[in-house]
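These protein sequences, in sequence, are chains A and B. All letters in the first sequence, in the order written, are residues 218 to 610 by my numbering. All letters in the second sequence, in the order written, are residues 99 to 195 by my numbering. Backbone N, C-alpha and C fix where the C-beta goes; we use that ideal spot for every residue, glycine too. Just so we're clear, the structure is a prediction, and the values are computed from it rather than from any experiment.
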Amino acid sequence: MGKRIGLEVSLSAAEAVKMANVDCIAAYPITPQTHIVEHLSELVNNGELDAEFIPVESEHSAMSVSAGVSAVGARAFTCTSSQGLSLMNEIVHIVASMRLPVVMILANRSMSGPISIWNDHTDVMSIRDCGWIQVFANNGQEVFDNVLFAYRVAESQNVMLPLIINIDGFILTHVIEPVEFWEKEQVEQYLPNFSPIHTLDPDKPVTMGGVGMPYVFSEAKVAQDEPLKQSKSVIITAWKELGDIVGRYYKPIETYRIEDAETLFVTQGSFGETVSLVVDALRDEGKSVGLVMDRLWRPFPFDEFREATSQAKNLIVIDRAISYGGQGGPLAIDIRSTLYKGENQPNITNFICGLAGRDVTIDDFKNIYHKAIEKVKKHPREEDFEYYGVRGK
Amino acid sequence: MSKTRQDLTWQELEVGATLITPGNSDEYKSGDWRSIRPVVDNKKCIKCGTCYIFCPDAAIYETEEGFFEADLYYCKGCGICANECPTQAIEMIEEEE
Chain A
218 MGKRIGLEVS
228 LSAAEAVKMA
238 NVDCIAAYPI
248 TPQTHIVEHL
258 SELVNNGELD
268 AEFIPVESEH
278 SAMSVSAGVS
288 AVGARAFTCT
298 SSQGLSLMNE
308 IVHIVASMRL
318 PVVMILANRS
328 MSGPISIWND
338 HTDVMSIRDC
348 GWIQVFANNG
358 QEVFDNVLFA
368 YRVAESQNVM
378 LPLIINIDGF
388 ILTHVIEPVE
398 FWEKEQVEQY
408 LPNFSPIHTL
418 DPDKPVTMGG
428 VGMPYVFSEA
438 KVAQDEPLKQ
448 SKSVIITAWK
458 ELGDIVGRYY
468 KPIETYRIED
478 AETLFVTQGS
488 FGETVSLVVD
498 ALRDEGKSVG
508 LVMDRLWRPF
518 PFDEFREATS
528 QAKNLIVIDR
538 AISYGGQGGP
548 LAIDIRSTLY
558 KGENQPNITN
568 FICGLAGRDV
578 TIDDFKNIYH
588 KAIEKVKKHP
598 REEDFEYYGV
608 RGK
Chain B
99 MSKTRQDLTW
109 QELEVGATLI
119 TPGNSDEYKS
129 GDWRSIRPVV
139 DNKKCIKCGT
149 CYIFCPDAAI
159 YETEEGFFEA
169 DLYYCKGCGI
179 CANECPTQAI
189 EMIEEEE
C-alpha cells in the first residue's frame, strides 16, 4: 500500500502526473488550475520528473504542442480552466479527431461573464461534444487515481482518444485532503508504455490531420465516435483492475443508499460527497432517498444509469451549468433523453445551483429535496427546471 | 491500386483518418469546380509554354506535337492561361451540360 499523505489536491494531482511519467507538459497558467502546473514545473526543474516543460504563450499553443507531442509518440499532459479551454477549443476538437491520447485536467470554472474565477461546470459543458472521454471526480483521491487511469484508457489500442478529468475548481483543487499515493511497482503494473498506432516519423512519413472531403468526412466521424462509445468497456476494465491493484473500485455510475429509494439525487463532481451526507440526514428523518453520481460523462453510461434508477419514482437532477433557452442543465437534458420511453419513467426535476462557486449546503439540498417532492405533485413539464436560490425568482 | 478514399467504409479508414500513402490529392477531381473550360487554337499557338508555366494547378501538359492542353480532370477553369497567352490562342468556353 502506498503512503497516505495530507496534501492539496492540485499538488497530489501533479504528483500523479509525475508517476504517469509524462514526457511533456505544455500549459498556460489560469486560476484555479495554476497550482497543478506550478507544481509540475517544480518537479521538472528539480529533476524529479524527466519531461519537457513548455511554458507556452497561450492555451491554443498548449493544446497544439500537446497534439504534436502525442503525434510523435510521447506522453502529453496539459491542464486548464474556463476561458483557457475556450482559447484552446479549436485544437481540442482536432486532437480527438486525430485520435491523440492527450490527457487534460480541467479545473472546472465558470465561463465569463460576468467575470468569475469560481467553480461550476459551464466550461466543460461548452465542449461537451468535443469527442474526448470525460470523467468527473468526487475527491482528491479520485483525481489522483484517475490520472493513471486516464493514460491507461486513452492509450489503449482500441481507444486512442484524449481524456478530460474534470475536477471542481477551488472546491477540490485548493483543499487539502488525505491522498494515498501509489507505489512505483503498482504504476508499472497498471500503466504500460505508450505504443502509438501512427507517429510522425521521418523514416515512415504519414499525414495526420489532413483534409476530409465530403465523400470521407462522415466515415471519419463515425470512425471517431465508435471507438468513443466502445471505450466504455475498456474504461470499466481499467477501473476494475485499478481496484485490484490499489483497493479502490470505481464505476461509471456510482450509487449511494439507492436500495428501495423512491427519490434519487443525481450529481456530477464534488456535489456527490455533500449530497451523500444529505441522503444520510434525510434517511434519518425517514425519507426514502438515495444518490446516483455520474462519474463517466462521455461516453454516457446509458445502461448503467438506467439500471441504477430503474426502481426510482423521482429523480432530482443537480446541474452546475446552464443550457440557455433549453430544458435546464445539460445533465438533466441527457438524463431525460436516456430515460425517454423507458418503463416506469420517473418524474424528473432539475435544479441549477452552485454557479460560480456559490455554496450549496446540506440545508440547501434538503430544501431542494422538499421542493422537488412538491413539484412532482404538480406534474412539471420538461422545461420546468429551477434556478435554485436565485433572488427574485 | 486498392480502393480510393471515396470507396472506404468507416472501418477501413486508418486511425485518426491518417494518410499513410503519399499523393492522395491526385485522386481529387478538382475539374468538378469548373464552369468555363480553356480551348486552344493551335493555329495561333507559338508553343511558348507560358500557359504551362502559369497554370496554378499544373493541369496543363505538353502534347507530342509540342502544343499545350489542359487536363480537364484537374483544370478548375480559372482562366489564367487564357489571360497570359501572348497570342490569345486560348479561349474560355462556357461548360454546358
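Supposed contact pair residue j and residue i - C-beta distance, whole angstroms, cut 8 Å
i	j	result
A:T555	A:F602	That pair is no contact at about 16 Å.
A:I334	A:R345	Wrong, their Cβ atoms sit about 22 Å apart, outside the cutoff.
A:I322	A:I384	6 Å
A:Q351	A:R500	Between A:R500 and A:Q351 the Cβ distance is about 31 Å, and since that is not below 8 Å, they are no contact.
B:T161	B:C183	16 Å between Cβ atoms; not a contact.
A:L494	A:I585	Actually they are not in contact, since the Cβ atoms of A:L494 and A:I585 sit about 14 Å apart, beyond 8 Å.
A:N355	A:E490	5 Å
A:L266	A:K220	No, A:L266 and A:K220 are not in contact; Cβ-Cβ is about 18 Å, not under 8 Å.
A:P318	A:L378	6 Å
Beta-bridge partners of residue i, as assigned by DSSP
i	result
A:Y473	A:L508
A:A324	A:I384
B:V137	B:E189
A:C296	A:I322
A:D267	Bridge partners of A:D267: none, in fact.
A:F568	A:I535, A:E603
A:Q351	A:I381, A:R515
A:E394	A:L224
A:L481	A:G507, A:L532
A:F366	The partner list for A:F366 (beta bridge, DSSP) is empty, contrary to what the question assumes.
Residue from the options with nearest C-alpha to residue i
i	options	result
A:M425	A:Q374, A:L378, A:V364, A:R316	A:R316
A:G574	A:D337, A:S412, A:M305	A:D337
A:F398	A:H587, A:I222, A:D581, A:T578	A:I222
A:A313	A:Q544, A:A288, A:T578, A:S505	A:A288
A:R292	A:F270, A:S299, A:L302	A:F270
A:Q231	A:F434, A:T390, A:A437	Going by the sequence as given, residue 231 of chain A is Ala instead of Gln. For A:A231, the nearest C-alpha among the options comes from A:T390.
A:K594	A:Y605, A:D581, A:I565, A:K610	A:I565
A:P431	B:T119, B:K127, B:K101, B:I134	B:K127
B:I144	B:A156, B:R132, B:F166	B:F166
A:Y605	A:L572, A:P422, A:I590, A:P444	A:L572
B:D105	A:T578, A:N531, A:S435	A:S435
A:S298	A:A549, A:P246, A:L224	A:P246
A:N306	A:G290, A:D340, A:G545	A:D340
A:K421	B:V138, B:Y150, B:T116	B:T116
A:E276	A:V261, A:N262, A:T248	A:T248
A:W456	A:L408, A:P331, A:Y473	A:L408
A:G357	A:V396, A:I382, A:I381	A:V396
B:G164	B:P120, B:Y150, B:Q186	B:Y150
A:V370	A:L445, A:G330, A:I452	A:I452
A:V492	A:E502, A:E560, A:W349, A:G507	A:G507
B:G114	A:D520, A:L224, A:L257, A:A440	A:A440
A:L380	A:I332, A:L445, A:S343, A:Q406	A:L445
A:L237	A:T251, A:Q406, A:S540, A:V226	For the sequence presented, residue 237 of chain A should be read as Ala rather than Leu. For A:A237, the nearest C-alpha among the options comes from A:Q406.
A:V463	A:K558, A:A233, A:E400, A:K530	A:E400
B:Q186	B:V138, B:I158, B:D155, B:E194	B:V138
A:A525	A:G546, A:G503, A:I552, A:R608	A:I552
A:F353	A:R537, A:I590, A:S278	A:R537
A:I535	A:F582, A:Y557, A:E560, A:S258	A:F582
A:M510	A:D576, A:A549, A:L260	A:A549
Members of the segment 402-419 of chain A near chain B, C-beta cut-off 7 Å: I414, H415
Stretch-stretch touch, CB-based, cutoff 8 Å, three pairs: the segment 406-414 of chain A with the segment 361-376 of chain A: yes
The segment 267-283 of chain A contacting the segment 353-366 of chain A, beta-carbon criterion three pairs below 8 Å: no
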